[in-house]
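Written below as structure tokens is the structure these notes are about.
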Amino acid sequence: MSRALQWIAIVIVAALALLPFLPGAVDAYYFSFLFFVFLYAIMAQSWNLVAGYGGQISLGSHAFFGLGAYATAILWSGNYLWGSLYDAHPGIYYFDPVTMLFGGLVAALAAVLIGLPLLSKLHGDYFALGTLGFGEIVKVIFVNGGDFTGGAFGIVAPASSFDTLRPHYLVALGLMVATALAIRALMRSRYGLALIAVRDDEMAASANGIDTLKVKVAAFAGSAFIAGVAGSLYTFYIFHVGPDSVFDLDWMLLPLMMTVVGGTGTLLGPILGALVMYAVFDLARIVVPDYHPVISGLTIILAMLFLPKGLTRLGAMQRLKST
């Protein structure tokens, strides 16, 4: 990323951070719209880490999102230390970073446990189908989890402290920026170089002394951690966590589409794709609700036909054509 582009990004982030303090901004439609753009951008970065940079197509992002959401809801509403703290000090512990971290760690642990057997035996489409099956298994487990998971209804978290979307917006913006910066630093490290080497040629990487399984599992776990934190944030927003909402396939399919449209294996691709695709989805839902899936699907087909490398690589493609 050039220095000029870095300054543009800093100015945009600063403007977005100041937006909630403008009169009437919190109650405007675009405020909640941006919140969901940030949330989907985090999920898109999660998928991009394991698929775009790691070359492992995962279809289980919704499982890790749901695990993070449920971990937060269980701690928040249950008879645990965190639950009593929330009841006593709802304003102070509203966005408890320990709870959000715990949600991410639960998802990451699940990714390690499932990733070790899957990544050691399966590759390509078989690995993708394995992660998809894992997501459906987790959903069934939580539907039949009894009082601990709330069964098919789920868990209702206390909503007494909710009075504005401002903290959700700021936390989502901060997490989106932090995720992008963390991935940027990661991909410039030795591990990032090893991950790209495994993606480009796994046999050559292994021949050069790289523990390919360890690298792939670490990327899978890191992706799950990001998705789990996003699920935790969603719990603080929605207050009702149910298997049909947090384990919905949309939490996997939409970030995947956003990353592909924005540009896989790029830092800004997931963010740009989240902005463009969520705008298309939301506009179609409002203007033509009966044909919303058709419009969304047509947009994706057109993007695949005319932007196969994603929006972030559009300028580079035009320069190549002009030479």
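Per this note's numbering, residue 1 is the first one in the sequence shown, and the count goes up by one each step. Yeah, the Cβ is synthetic: ideal placement off N, Cα and C, and Gly gets one too.
Whole-Å CB distance - residue i paired with residue j, under 8 Å assumed
{"i": "phenylalanine 220", "j": "serine 58", "result": "7 Å"}
{"i": "alanine 152", "j": "valine 143", "result": "5 Å"}
{"i": "glycine 115", "j": "valine 217", "result": "5 Å"}
{"i": "valine 37", "j": "leucine 233", "result": "Not confirmed; about 13 Å, so no contact."}
{"i": "glycine 135", "j": "phenylalanine 247", "result": "7 Å"}
{"i": "glycine 325", "j": "glycine 52", "result": "In the structure displayed, the chain extends from 1 to 323; residue 325 sits before or after that span and is not available."}
{"i": "leucine 267", "j": "isoleucine 196", "result": "That belief does not hold up - the Cβ atoms of leucine 267 and isoleucine 196 are roughly 13 Å apart, past 8 Å."}
{"i": "threonine 72", "j": "threonine 235", "result": "4 Å"}
{"i": "glycine 263", "j": "glycine 310", "result": "3 Å"}
{"i": "methionine 252", "j": "histidine 62", "result": "4 Å"}
Where residue i sits in the DSSP three-state scheme
{"i": "isoleucine 155", "result": "strand"}
{"i": "phenylalanine 95", "result": "coil"}
{"i": "alanine 25", "result": "coil"}
{"i": "aspartate 163", "result": "coil"}
{"i": "histidine 123", "result": "coil"}
{"i": "glutamine 56", "result": "coil"}
{"i": "asparagine 144", "result": "coil"}
{"i": "proline 289", "result": "helix"}
{"i": "glycine 150", "result": "coil"}
{"i": "proline 308", "result": "coil"}
Counted within 10 angstroms of its Cβ, other Cβ atoms place residue i as buried (16 or more) or exposed
{"i": "tryptophan 7", "result": "exposed"}
{"i": "alanine 69", "result": "buried"}
{"i": "asparagine 208", "result": "exposed"}
{"i": "proline 255", "result": "buried"}
{"i": "alanine 279", "result": "exposed"}
{"i": "alanine 204", "result": "exposed"}
{"i": "glycine 91", "result": "Annotation note: pLDDT 45 at glycine 91 (below 50); position unreliable, no value reported."}
{"i": "threonine 164", "result": "exposed"}
{"i": "isoleucine 271", "result": "buried"}
{"i": "isoleucine 137", "result": "exposed"}
{"i": "methionine 258", "result": "buried"}
{"i": "serine 77", "result": "buried"}
{"i": "alanine 4", "result": "exposed"}
{"i": "isoleucine 10", "result": "exposed"}
{"i": "valine 294", "result": "exposed"}
{"i": "phenylalanine 306", "result": "exposed"}
{"i": "tyrosine 40", "result": "buried"}
Residue-chain proximity (residue i, chain D), Cβ-Cβ < 8 Å
{"i": "aspartate 290", "result": "In the structure shown, chain D does not exist; there is a single protein chain."}
Which runs of the alpha helix (DSSP H) at least 4 residues long sit entirely within the region 180-267? Give them in chain order. The DSSP assignment places complete alpha helix (DSSP H) segments of no fewer than 4 residues inside the region 180-267 at 190-200, 202-207, 212-238, 243-246 and 250-262, in order along the chain.
Counting Cβ pairs, one atom from each stretch, are 3 or more of them under 8 Å apart for the region 100-109 and the region 223-243? Contact holds: three or more Cβ-Cβ distances are below 8 Å.
Per the contact definition of three or more C-beta pairs closer than 8 Å, is the region 60-69 in contact with the region 284-291? No contact exists between the region 284-291 and the region 60-69.
So, do the region 178-185 and the region 32-50 have three or more beta carbon pairs nearer to each other than 8 Å? With a cut-off of 8 Å, the region 32-50 and the region 178-185 count as touching, because enough Cβ pairs lie within range.
Do the region 164-174 and the region 21-36 meet, that is, are 3 or more Cβ pairs less than 8 Å apart? In short, these stretches touch, since the Cβ pair count reaches three.
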